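Protein chains in written order, with the numbering used here: chain A, 1 to 217; chain W, 218 to 434. Positions of the beta carbon are idealized from the N, C-alpha and C atoms, including for glycine. Note that the coordinates shown come from a computational prediction; the quantities given were computed from them, not determined experimentally.
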DNA sequence: AATAATATTTAGACAAATCTAAAAATATGT
DNA sequence: ACATATTTTTAGATTTGTCTAAATATTATT
């Protein structure tokens, strides 16, 4: 498996190619910031290798083997993200770029040891699930903070908007994954929220609240 | 810098290209397990980039910039080796292959954090020095265990033979880097040694002793 | 110093991954 | 349903890093 092949499989998986849904050439090209013609070339190659089904002019779906391979890469990516945050004090918004490189390191022993060192985490710093070695994972039931009623509480598990701007805002306000958030009050006028987080009290806009995922107990 | 370019610079450095000694095309080809014609191509490219001096039919030496770049890669390689051994319980003979991949990860912050996590080690698990960020490093004064007189003692700092067979022998006999070795007796007949190491006593052949580097106090 | 042996370079080819521009298929709008 | 717009594919070119085989330079031998 080349690095490029791995990146294509990952992108197709993220576009939903695991459930026999046909993924369009253009969608893949956009996701990967490349040209549709390049996608066509790679689709033929990956079909040849039995990693996906390719129908001319129709699109692409992953085979079971393609799904398995994609999950292995996603597993590595997310484990490295946890490592960077937990062991090397990277902030939330810095990990992605480095993990994009580290996910391609080929060593089963290495990733297993990293997994053990981190004590087998189930979720990455963005709240996304980490597949097991055998490819199992469970999506966390999550809802937007803005959807919770007054007096409810939830654990911060992820973001909808993953832009660097937003992640930096969260860092600046010390809102981190795993934090418990209590909703103290809601403002009818602009739907802004009065919350309690890690002992502190904070006022946040509806725009913030509708980009933060929480898991309710 | 592509991965291939980095590998060429590293190989040339290891062949002595840092001290304006001309390194032959064939030597590089052998070190890298590639063909001389490929080396010629790459030499032209790296000369173009100002990383080495290339004289047709003569050979190649690194420029100051080439040396700096090579040292940065060697620094990364050796820090990753320490990480694998100290933090992930890799054995001595397993680290090289993985470090060959990890050394190409591009993130200054990552390698600085790894350096800090390991508490700024000066030597890698093979006893080779780790260059600082600014490219400084000091070769350790070392001698072969077989050269020490009776009653002398030294700290195990490296190996001459780096074959997997030899490294596995050391693991099996729990002879590890950093261990202090006392020479209790020498056998005139075959120059085998009676040593004390980490509390245990051991009989080792001259062939073993002449492939183990120690640093005397 | 001429010849043989070795080392190095050149020229041309190839595979991987990409691109552009043109052609072909599919989808859309009225 | 027909013309138009969009999507996708094809064909051919490009870049990077490699190779083989032939040509050229250097080194060693007698």
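Residue 10 of chain A sits close to residue 73 of chain A, with the two beta carbons spaced by under 7 Å. Uninterrupted beta strand (DSSP E) stretches at least 3 residues long and entirely within the stretch 130 to 211 of chain A occur at 153 to 159, 180 to 186, 193 to 197, 200 to 204, given in chain order. Residues of the stretch 299 to 323 of chain W whose Cβ lies closer than 9 Å to any Cβ of chain A, in chain order: 301, 304, 305, 306, 307, 311, 314, 315, 318, 319, 321, 322, 323. Residue environment: residue 220 of chain W is assigned as exposed (fewer than 16 neighbouring CB atoms within 10 Å of its CB, all protein chains considered).
At a cut-off of 7 Å between beta carbons, residue 110 of chain A contacts chain W. Bridge pairing for residue 240 of chain W: W:277 [DSSP]. Proximity of chain A to residue 330 of chain W at the Cβ level (cut-off 9 Å) is accounted for by 84, 87, 88, 89, 90, in chain order. In this structure, DSSP gives residue 104 of chain A a state outside helix and strand, which the three-state scheme calls coil. For the pair of segments examined, the stretch 288 to 303 of chain W was found to touch the stretch 318 to 332 of chain W: the number of CB pairs separated by less than 8 Å reaches three. Close to chain W, meaning a Cβ-Cβ distance shorter than 8 Å, is no residue of the stretch 132 to 149 of chain A at all. Taking C-beta separations shorter than 6 Å and ignoring five residues to either side along the sequence, the partners of residue 378 of chain W in its chain run 428, following chain order. Exposure of residue 64 of chain A is indicated by the presence of fewer than 16 other C-beta atoms within 10 angstroms of its C-beta. Annotation for residue 270 of chain W: the continuous beta strand (DSSP E) segment containing it runs 269 to 272.
A Cβ-Cβ separation of about 5 Å places residue 167 of chain A in contact with residue 92 of chain A under the 8 Å criterion. Between residue 365 of chain W and residue 241 of chain W, the alpha-carbon positions lie close to 36 Å from each other. In the three-state reduction of the DSSP assignment, residue 215 of chain A falls in the strand class. The stretch 242 to 255 of chain W and the stretch 193 to 209 of chain A do not touch, with fewer than three beta-carbon pairs separated by less than 8 Å. In the three-state scheme derived from DSSP, where H, G and I count as helix and E and B as strand, residue 123 of chain A is classed as strand. Counting only residues of its own chain and dropping the five nearest sequence neighbours on each side, residue 153 of chain A has a CB closer than 8 Å to the CB of 180, 181, 182, 183, 216, 217.
Check the Cα spacing between residue 410 of chain W and each of W:368, W:352, W:345: the tightest is with W:368.
Counting along the chain, the unbroken alpha helix (DSSP H) around residue 13 of chain A starts and ends at 3 to 14.
Boundaries for residue 91 of chain A: no alpha helix (DSSP H) harbours it, and the DSSP string shows neither H nor E there. Taking the beta carbon of residue 167 of chain A as reference, no residue of chain W falls within 8 Å; the closest one sits roughly 16 Å away.
Shown here for residue 287 of chain W: same chain residues with a beta carbon closer than 6 Å to its own, the five before and five after excluded, namely 226, 227, 230 in chain order.
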